[in-house]
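A short write-up of the structure that comes next.
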Ligand SMILES: Cc1cc2nc3c(=O)[nH]c(=O)nc-3n(C[C@H](O)[C@H](O)[C@H](O)COP(=O)(O)O)c2cc1C
Ligand code: SF4
Ligand code: FES
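Chains as they are written, first to last, in our numbering: chain H, 17 to 439; chain E, 6 to 176.
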């Protein structure tokens, strides 16, 4: 498939991701073009018209986000490449960093130029230690080649990139939690407004973009907005790197134009369900996004199509479960994750996540009460919309979807006083 | 052990300060340096790091306690971190934890008596496509099978016996 943007280089035999390899594939030509012949406004226009939307989960239009940064502020400006990648089911940014680090770096330098930012950071989850080393090496290479540092390519633009490792906290992927963490504090999300574009890191205008989002920028600059917008679907342009894990024969990363169906991804790309079992449930967009049933997999994997059926593209982390999987247990597994990762600032989130976990735990272990099932739904309602950050929804939606779509299985657990799928 | 950075580490620390507009922003990377050099974040380390960064002990405590990668007690030489989140769980993470428990004779959260291994259950490592996954110290091990784990642990155990002071992960 020639329509690849993100994985085009890395999938070539022998490609190492070194600067030399990257340049041989035309790497850093977009930076030359951007700094040499394009104004900041022209780049913002180009990216706006390309239709690029953020790949970190929320799908916010990238060009528009950049345009919110004030043009005439005396303050410094910061850009942060969000490489926290902690949403369960998601493992695409890691591949970009390991296999083609310069792709996201080039996008980061161009984007920093757009918002006139002289220092940007890569906020990478702490567990990605080797990946951070790879990025540090790539940054050195780019500095030595004059793509980073003072007066880049004679343009008068100075820029430095630093790698900042997180230390084990999912919430630091949320952009204001991330900013707090970068500032050396607990990763407690901030109340918005003010939005980071006006007051972000160190009190200065800040843009946070996902690693994959930034990796799309060189293509748009090199080929023009129309080339990008011609891929994918309306309001979901370009390609997406889909992450498939769980009970499939060939888990992994698959880059396709947005709008490929979930069914195609599961059965054609990932070769179907393991051991030739049947499909029972699939999470389409990382653990936070509502689970789908086999009857829903004809859905196109773009922002609007998934939203229309009550789920979301999120991070495009597809988690596939076969018919031997207990839905209560799967839901319990995720609720443990959210109970563990709540930052604890808001009562509905802190209390609600722990409460849902203990209810699910007793249902799974045969001690559930008939009222527990509606109680779970009630708790999700009490969390949604009542918290500082979207983690509240991220933890409430999966429970609501599992309970609603697989209600009879929950009821059977309560009735039979045991897990109905345990061997 | 006296808690003070070596000249070399102090130099690294100074380098960190150049990266940020505030001193406080260097707290997480400085704590990582401290954990590397001292093994874990003891109360003495918190005091020392607070001094370096012009933070109160309470502030540093507040940071350390938020992040799961900072250890507040002495850990084994090899810290095994097994992912137990959904994608890994679907492909047998529980078996892996059970296997390691009986192989090492410890439960998650514990360290072997000879201080060689600690076992931890951790949340999604961002390696779900190659589940089940785990880390030992700073290295990933993916597409795990019980057999693979046996070989790996046996190799690490032998290496530790032959060269108890060897630093760094075994590849
Ligand atoms: C709980 C939570 C966790 C998040 N984790 C990540 C993450 O790991 N990586 C990421 O890029 N965005 C994550 N986000 C989204 C960010 O807040 C932000 O929208 C994104 O980084 C913006 O970049 P984009 O516009 O390029 O998508 C998370 C959001 C929430 C609410
Ligand atoms: S919603 Fe949860 S994670 Fe977000 S700020 Fe509130 S307590 Fe923290
Ligand atoms: S669920 Fe184990 S690495 Fe993601």
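From the three backbone atoms N, C-alpha and C, an ideal C-beta is built for every residue, glycine too. Source: prediction; values computed, not measured.
TODO: Count the other C-beta atoms from every protein chain shown that fall within 10 angstroms of the C-beta of residue 86 of chain H, then say buried if there are 16 or more, exposed otherwise.
DONE: The residue you call residue 86 of chain H lines up with position 70 of the first chain. Classification of residue 86 of chain H: exposed, given that the 10 Å Cβ count is below 16.
Task: Three-state class that DSSP yields for residue 366 of chain H in the structure shown - done: Taking the first chain and counting its residues from 1, one reaches residue 366 of chain H at position 350. Residue 366 of chain H: helix per DSSP, three-state reduction.
- [ ] Please confirm whether any heavy atom of ligand 4 lies closer than 7 Å to the CB of residue 136 of chain E.
- [x] In the structure shown, ligand 4 is absent; the only ligands present are ligand 1, ligand 2 and ligand 3.
Task: Residue range of the unbroken alpha helix (DSSP H) whose run includes residue 201 of chain H - done: Here residue 201 of chain H refers to the residue found at position 185 when the first chain is read from its first residue. Counting along the chain, residue 201 of chain H falls outside any alpha helix (DSSP H), and DSSP gives it neither H nor E.
- [ ] Taking only heavy atoms of ligand 2 into account, decide whether any of them is closer than 7 Å to the Cβ of residue 188 of chain H.
- [x] Numbered from its first residue, the first chain carries residue 188 of chain H at position 172. Outside the cutoff, so no.
- [ ] Tell me whether residue 12 of chain H sits in a helix, a strand or coil according to DSSP, three-state version.
- [x] Nothing can be reported for residue 12 of chain H: it is not among the residues displayed for chain H, which extend from 17 to 439.
Open item on the list: Following a CB-centred definition, is residue 27 of chain E positioned closer than 7 Å to any heavy atom of ligand 3?
Closed with: Reading the second chain from its first residue, position 22 is the one you call residue 27 of chain E. Checking the Cβ of residue 27 of chain E against ligand 3 gives no.
Task: Test: residue 75 of chain E CB closer than 8 Å to a CB of chain H - done: As a working note, residue 75 of chain E is residue 70 in the second chain. Yes, contact with chain H.
Open item on the list: Strictly under 8 Å for the Cβ-Cβ distance: is residue 59 of chain E near chain H by that measure?
Closed with: The count along the second chain starts at 1 and reaches residue 59 of chain E at position 54. Not closer than 8 Å to any Cβ of chain H, the Cβ of residue 59 of chain E fails to qualify, so no.
Task: Per-residue contacts from residue 79 of chain E into chain H (C-beta, under 8 Å) - done: Mapped onto the second chain, residue 79 of chain E falls at position 74. Per Cβ cutoff of 8 Å: no residues; residue 79 of chain E is ~18 Å from chain H at best.
Open item on the list: Could you compute how far the alpha carbon of residue 154 of chain E sits from the alpha carbon of residue 101 of chain H?
Closed with: As a first step, residue 154 of chain E is located in the second chain; it is residue number 149 there, counting from the start. As a first step, residue 101 of chain H is located in the first chain; it is residue number 85 there, counting from the start. Taking the straight line joining both Cα atoms gives about 26 Å.
TODO: Quick one: which residues of the stretch 89 to 100 of chain E get their C-beta closer than 9 Å to a C-beta of chain H? List them in chain order.
DONE: Taking 9 Å as the Cβ-Cβ cut-off, the stretch 89 to 100 of chain E approaches chain H at 89, 90, 91, 92, 93, 94, 95 and 96, given in chain order.
- [ ] Sort E/75, E/161 and E/166 by Cα distance to residue 183 of chain H and report the nearest one.
- [x] Translated into the one-based positions of the first chain, residue 183 of chain H becomes position 167. Each of E/75, E/161 and E/166 was checked against the Cα of residue 183 of chain H, and the nearest Cα belongs to E/75.
Task: Exposure label - residue 160 of chain E; buried when at least 16 CB within 10 Å - done: For the purposes of this step, residue 160 of chain E is taken as residue 155 along the second chain, with counting starting at 1. Classification of residue 160 of chain E: exposed, given that the 10 Å Cβ count is below 16.
TODO: When you get a sec, list the residues whose CB is within less than 6 Å of any heavy atom of ligand 2, chain order please.
DONE: H/187, H/205, H/358, H/359, H/360, H/361, H/362, H/365, H/366, H/403, H/404, H/405, H/407 and H/408
TODO: Mark residue 103 of chain E as exposed unless 16 or more other C-beta atoms lie within 10 angstroms of its C-beta, in which case mark it buried.
DONE: The sequence position of residue 103 of chain E within the second chain is 98, counting from 1. Answer is exposed; the Cβ neighbour count stays below 16.
TODO: Spatial neighbours of residue 231 of chain H within its chain, please: CB distance less than 6 Å, with the 5 preceding and 5 following residues excluded, ordered by chain position.
DONE: Numbered from 1 along the first chain, position 215 holds the residue referred to as residue 231 of chain H. So the qualifying residues of the chain are 22, 112, 119, 120 and 123.
Task: Three CB pairs or more closer than 8 Å across the stretch 40 to 49 of chain H and the stretch 153 to 172 of chain H - done: yes
- [ ] Quick one: give me the first and last residue of the alpha helix (DSSP H) that residue 261 of chain H is part of.
- [x] What you label residue 261 of chain H is simply residue 245 of the first chain in a count that begins at 1. Careful: residue 261 of chain H lies outside any alpha helix (DSSP H), inside the beta strand (DSSP E) at 255 to 262.
- [ ] Give a yes or no on contact between the stretch 96 to 113 of chain E and the stretch 136 to 151 of chain E, applying the rule of three or more CB pairs nearer than 8 Å.
- [x] yes
Task: Backbone secondary structure at residue 175 of chain E - three-state DSSP - done: Within the second chain, numbered from 1, the residue matching residue 175 of chain E stands at position 170. In this prediction, residue 175 of chain E scores a pLDDT of 43, lower than 50, which makes its location untrustworthy; the coordinate-derived value is nonetheless stated afterwards. Of the three classes helix, strand and coil, the one that applies to residue 175 of chain E here is coil, per DSSP.
Open item on the list: So with CB distances below 9 Å, who are the chain E contacts of residue 186 of chain H?
Closed with: Taking the first residue of the first chain as 1, we reach residue 186 of chain H at position 170. The answer, in chain order, is 128 and 129.
Task: CB contact check: residue 140 of chain E to chain H, cutoff 8 Å - done: As a first step, residue 140 of chain E must be located in the second chain, where it is residue number 135. By this cut-off, residue 140 of chain E is an interface position.
Task: Among H/352, H/435 and H/223, nearest to residue 94 of chain H - alpha-carbon criterion - done: Numbered from its first residue, the first chain carries residue 94 of chain H at position 78. Among H/352, H/435 and H/223, the Cα nearest to that of residue 94 of chain H is on H/223.
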